[in-house]
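Numbering (this note's numbering), first residue to last: 34 to 648.
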């Protein structure tokens with residue numbers, strides 16, 4: 034490939050200031066300056082004169098949206114082992130070759146499930162020579178990108194990339210847009226108290242660190258408004274940025290690479306233009322879209338977390354529609370409304386299957402949580418499908434989560450079902466942990482779930498615990514011939530240090546004298562917490578436990594305290610929570626929210642073991 038000097042640092046002669054060139058873009062504010070040619074849409078094989086084999090070549094990822102007066106990053110794919118050095122410079126329709134730089138944009142993905150939002154990963158930008166020298170680490174994924182700085186008079190022209198012509202959707206300068214439209218188009222939809230929350234900023238950190246997602250962080254904190262920049266346009270149409278003024282270092286910070294920073298700003302400029310266009314079409318609808326893109330829910334006790342759309346295909350389609358030059362204001366608004374209507378407005382989940390029994394019927398009480406992720410109040414109710422009770426119909430405030438308790442009637446061979454209705458949406462929740470039975474050889478506990486993430490919560494399906502078989506967690510609840518109930522726990526550690534390993538076993542009915550947590554570790558004595566998390570074992574109580582370590586893991590054998598067993602030895606409420614050596618948490622019988630302090634409890638019927646009494 035030919036490496037060409039970037040115009041960002043080029044020496045030029047004979048220039049005049051940027052404002053004198055506005056005549057070239059007069060009338061181009063929100064309507065843009067795209068060609069009248071229809072967008073080619075997804076890539077199709079080019080004519081044979083350009084390529085003998087359509088499976089071999091340089092393909093552009095999606096439509097090219099070029100923001101006037103700013104550098105352009107074009108994501109490409111090299112198919113069929115096409116040599117990176119043969120891509121060559123990007124050329125305009127008029128034959129001018131543009132100074133072109135080519136980079137590999139790579140990311141080492143973070144571990145899914147370790148945070149509420151998808152991890153941003155570790156991003157880098159490498160030149161062709163660096164990639165050829167073998168500097169790309171194992172596990173890195175990414176794409177190739179071309180970086181150019183189109184001259185001002187390139188507006189309306191297409192780009193030729195490796196012998197193929199691509200139509201360009203030319204977009205207006207964001208700084209010009211900012212001077213012509215109301216700043217409400219980029220107002221943060223969050224109230225100041227939320228924007229100032231340090232907990233919320235910590236949770237949304239992955240958005241700030243991703244070049245493809247930083248736009249949402251900036252919209253959330255009110256920093257998406259385009260920054261006016263001084264630019265100089267030379268006689269040949271090239272743009273220089275000799276100095277910056279009136280600009281401050283964003284609290285969002287900057288990317289580790291100038292190429293990644295350019296990509297992040299490109300995404301932000303496109304969203305700024307898209308939201309401005311929608312605001313001109315329908316300002317109330319635009320506000321609804323901003324709110325949904327940045328929805329944050331109050332989970333109580335000062336815990337705030339995003340519950341915004343994460344389905345990337347839909348978000349990309351929304352942005353593409355807002356930037357489409359072929360769409361008028363009415364059609365643009367119609368498509369934005371369709372996107373809004375596709376988004377769910379509530380979530381619901383089981384917090385704890387059976388933390389306690391109903392005082393009158395003795396049936397399990399189940400805790401359900403529901404969240405209204407819309408901006409209007411919704412009537413909400415929770416009811417048991419099988420002969421249980423219903424909660425009172427209540428109003429759930431906007432962007433608020435609330436817990437509900439309902440009694441489940443347990444029938445042999447049936448799994449209790451709870452229906453949570455939030456507005457017009459209905460959530461059907463299985464409560465399998467309310468009707469477990471311990472029979473020989475024992476009740477297996479091996480389906481631990483990782484903490485809830487936003488993606489898994491919206492999908493209604495918690496992710497499995499991380500690490501696979503080498504990090505397994507298994508438990509068995511069984512009765513010894515002598516009558517003692519035992520809990521055997523085994524944990525895989527992949528031969529890692531076990532100093533941070535611990536398992537927390539929650540026992541007994543919540544709020545009862547038998548309510549306690551026993552924390553086990555391969556390197557420390559057992560810790561006992563009574564109800565409420567007080568680190569103080571009941572008088573005369575010392576847990577009976579045996580710890581064993583082995584290559585690749587450790588195990589514990591615990592005598593279940595009689596004080597935790599209810600109903601004359603017939604019922605045990607139990608929950609399990611593991612923190613592994615890599616600081617990952619998993620739990621049973623329910624996934625936990627990242628900020629949740631105590632795990633759920635299942636109700637286990639002990640009366641079917643075979644008639645042997647409790648010691």
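For each residue, glycine too, the CB sits at the ideal point set by N, CA and C. Computed from a predicted structure; not experimentally measured.
- If the five residues before and after residue 181 are omitted, its C-beta is found closer than 6 angstroms to the C-beta atoms of 105, 123, 131 and 133, all from its own chain and listed in chain order.
- Scanning its chain for C-beta atoms nearer than 6 angstroms, with the 5 sequence neighbours on each side dropped, one finds around residue 411 the residues 405, 429, 455 and 456, in chain order.
- Assigned with DSSP and collapsed to three states, residue 190 falls in coil, not helix or strand.
- DSSP lists 483 and 611 as the bridge partner or partners of residue 619.
- DSSP, reduced to helix, strand and coil, places residue 197 within a strand of the structure shown.
- Under a 10 Å Cβ-count criterion, residue 472 is classified as exposed, with fewer than 16 other Cβ atoms of the shown protein chains found around its own Cβ.
- For residue 313, the uninterrupted alpha helix (DSSP H) run begins and ends at 291-314, by DSSP.
- DSSP places residue 395 outside both helix and strand once states are collapsed to three, so it counts as coil.
- The beta-carbon distance between residue 635 and residue 466, rounded to whole angstroms, is 3 angstroms. This is short enough to meet the 8 angstroms contact definition.
- When 549, 469, 203 and 352 are compared, the shortest CA-CA separation from residue 373 is found for 352.
- Contact annotation: residue 110 and residue 157 have beta-carbon atoms that are not nearer than 9 angstroms.
- The Cβ neighbour count for residue 630, taken over all protein chains shown within 10 Å, is under 16; the residue is labelled exposed.
- Excluding five sequence positions before and after residue 417, the CB atoms of its chain that fall closer than 7 angstroms to its own CB belong to 439, 440, 441, 442, 449 and 451, given in chain order.
- In the structure shown, the three-state DSSP call for residue 339 is strand.
- When the Cα atoms are used, residue 612 and residue 198 turn out to be separated by approximately 55 angstroms.
- Taken atom to atom, the span from the alpha-carbon of residue 235 to that of residue 632 is near 23 angstroms.
- Distance from the CA of residue 229 to the CA of residue 98, rounded to the nearest whole angstrom, comes to 34 angstroms.
- DSSP places residue 159 outside any alpha helix (DSSP H); the residue lies instead in the beta strand (DSSP E), whose first and last residues are 155-160.
- Our two residues, residue 621 and residue 478, have alpha carbons roughly 8 angstroms apart in a direct line.
- Residue burial is scored here from C-beta neighbours: residue 92 has at least 16 other C-beta atoms within 10 angstroms and is therefore classed as buried.
- Partner residues in the beta bridge of residue 136, as assigned by DSSP, are 160 and 178.
- Per DSSP, the continuous alpha helix (DSSP H) segment holding residue 347 begins and ends at 345-356.
- Assigned with DSSP and collapsed to three states, residue 212 falls in helix.
- Counting C-beta atoms within 10 angstroms of its own C-beta, residue 407 has 16 or more neighbours from the protein chains shown and is therefore classed as buried.
- With respect to the 9 angstroms criterion, residue 207 and residue 120 are not classified as neighbours on the basis of their beta carbons.
- Residue environment: residue 371 is assigned as exposed (fewer than 16 neighbouring CB atoms within 10 Å of its CB, all protein chains considered).
- Less than 9 angstroms divides the Cβ of residue 637 from the Cβ of residue 469.
- Residue burial is scored here from C-beta neighbours: residue 641 has fewer than 16 other C-beta atoms within 10 angstroms and is therefore classed as exposed.
- For residue 380, no alpha helix (DSSP H) run applies; the uninterrupted beta strand (DSSP E) run containing it begins and ends at 379-390, by DSSP.
- An exposed status is given to residue 344, since fewer than 16 other beta-carbon atoms sit within 10 Å of its beta-carbon.
- Listed in chain order, the alpha helix (DSSP H) elements of length 4 or more contained wholly in the region 219-265 are 225-228, 231-236, 238-241 and 247-254.
- When secondary structure is reduced to three states using DSSP, residue 626 falls in the coil class, being assigned neither helix nor strand.
- Under the 10 Å beta carbon count, residue 202 is surrounded by 16 or more other beta carbons and is classified as buried.
- Taking residue 354 as the centre and dropping the five residues before and after it, the same chain places the C-beta of 368 closer than 6 angstroms to its C-beta, in chain order.
- The region 528-540 makes contact with the region 550-564, as at least three CB pairs between them are under 8 angstroms.
- Sequence-distant partners of residue 365 (beyond 5 residues in either direction) whose C-beta falls short of 7 angstroms from its own C-beta, in its chain, are 310, 311, 314, 354 and 355.
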